[in-house]
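Here the structure is laid out as structure tokens; the discussion comes afterwards.
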Amino acid sequence: MLVSSCSSTPKISTTSFNTADRFCVDAQAAIVTSKVEARNEIYTDVAAFTKSKPVARPLITTQYVWPESAEPNAQPMMVSCKMKTADHLVSEYGAEAAGADIGCSGVNALTLQRVLDSMTPAERRRALFKRGRNVVMETDIVTTMGPIWLEPYAIARLDESGTLRLQAKAMRNDWLDPRYLAAPPQFRGTRYCHLVAPEYLRRLLLGEVKPVSAS
Numbered sequence: 664m665l666v667s668s669c670s671s672t673p674k675i676s677t678t679s680f681n682t683a684d685r686f687c688v689d690a691q692a693a694i695v696t697s698k699v700e701a702r703n704e705i706y707t708d709v710a711a712f713t714k715s716k717p718v719a720r721p722l723i724t725t726q727y728v729w730p731e732s733a734e735p736n737a738q739p740m741m742v743s744c745k746m747k748t749a750d751h752l753v754s755e756y757g758a759e760a761a762g763a764d765i766g767c768s769g770v771n772a773l774t775l776q777r778v779l780d781s782m783t784p785a786e787r788r789r790a791l792f793k794r795g796r797n798v799v800m801e802t803d804i805v806t807t808m809g810p811i812w813l814e815p816y817a818i819a820r821l822d823e824s825g826t827l828r829l830q831a832k833a834m835r836n837d838w839l840d841p842r843y844l845a846a847p848p849q850f851r852g853t854r855y856c857h858l859v860a861p862e863y864l865r866r867l868l869l870g871e872v873k874p875v876s877a878s
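Each residue of the sequence shown is one higher than the one before, counting from 664 in the working numbering.
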């Protein structure tokens, strides 16, 4: 099943901590400072999402939400976004269309701030990991291969010092990378991210779910 969501203001919201239908639109805007209006295609079938491709013109992102478990009404744990690289947007729309790439980890950092901003004062006071200050964004795991990007991994783990470490996983094939100039267009300019879901991060901070332990 697929549904669509449009954006007229491509920026990260600071008032919501839910995995909204525009999550990957916001992620596209944030990761490369994109000023291009995007439309998000929401997939509820992982096989269909796996075959989906983002599009530069019109700008289309695709999104799939992974739940914490197979139980009915399980909360979102991870959001997978298929987006476009900065150089593809600049090639398509001009120099002002995109800027520096902050990485998938940069989007996770924005999600952390958004989740903290959405908490009540009482929730902030009881938030774990020094009220969210002891959360570290690991360097992205980066691949150029779709099957490797889709392999399972731990999105959050607790290290020996009690620090919560968030791990994003990326696939990046720049549009102008000479290695891919002969490849079909749909395989070029791809910027994919596995990102922590706001709901899952909130539950981690409030102790409602436990991350993988280093031990």
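From the three backbone atoms N, C-alpha and C, an ideal C-beta is built for every residue, glycine too.
Other residues of its chain near valine 770: CB distance less than 6 Å, five sequence neighbours each side excluded: Ala690, Ala693, Ile694 and Leu858
CB-CB length for threonine 853 against lysine 698, believed under 8 Å: Threonine 853 to lysine 698, Cβ: 20 Å. No contact.
For asparagine 836, three-class secondary structure by DSSP: strand
Supposed close pair cysteine 687, glutamine 726 - CB separation, criterion 8 Å: 4 Å
Beta-carbon proximity list for glutamate 786, same chain, < 7 Å, skipping 5 on both sides: Leu869, listed in sequence order.
Helix, strand or coil at isoleucine 804 [DSSP, three-state]: strand
The alpha helix (DSSP H) enclosing proline 815, as first and last residue numbers: Note, proline 815: premise wrong, no alpha helix (DSSP H); not H, not E.
Three-way DSSP call (helix, strand, coil) for serine 676 in this model: Reliability fails at serine 676, whose pLDDT of 40 lies under 50, so the model's placement of it is uncertain and no value is given.
Valine 778 in three-state terms, based on DSSP: helix
For alanine 845 and glutamine 738, the rounded distance between their alpha carbons: 41 Å
Alpha-carbon to alpha-carbon, cysteine 856 and leucine 752: 17 Å
Beta bridge counterpart(s) of cysteine 744 as assigned by DSSP: Gln726 and Cys856
Which listed residue (Val709, Leu864 and Ala683) has its alpha carbon closest to that of alanine 790: Nearest option by C-alpha distance: Leu864.
For tryptophan 729 and methionine 808, the rounded distance between their alpha carbons: Roughly 20 Å between the two C-alpha positions.
Exposure of leucine 827, with buried meaning 16 or more beta-carbon neighbours within 10 Å: buried
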